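Quick note, in the numbering used here, the sequence shown goes up one by one and the last residue is 85.
Idealized CB from N, CA, C, for every residue including glycine.
The model shown is predicted, which means the values in this text are computed figures rather than measured ones.
Worksheet: the structure to be examined is printed underneath.
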Amino acid sequence: MANMLSIRLVRSVIGRPEAQRQVVEALGLRKLNQTVLHADTPTIRGMINKIPHLLEVQETVLSDSEK
């Protein structure tokens, strides 16, 4: 079983600093309301902590059969 994070972009990056735009891009988010799954690692958590006002995050546990 793996801990995963479901990350959704809920606010636009228009008018945001370049550093915040780069974090959104590094997470693999391109459009509003797009959702991506990432492993729950300190690196991903750090990215989320830089732009919590732009994201909606849910913790998900995937079983071996769902991978």
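Return the chain-ordered ranges of every alpha helix (DSSP H) run that is complete within the segment 26-66 and spans a minimum of 4 residues. You should have 36-44.
Return the first residue and the last residue of the beta strand (DSSP E) that LEU72 is part of. LEU72 -> no beta strand (DSSP E), and no H or E assigned at all.
Reference ILE62, options GLY33, ILE32, GLN76, closest by Cα: GLN76
ILE25 classed as buried or exposed, judged by whether at least 16 other C-beta atoms fall within 10 angstroms: buried
Rounded separation between VAL42 and ARG48 - CA only: 8 Å
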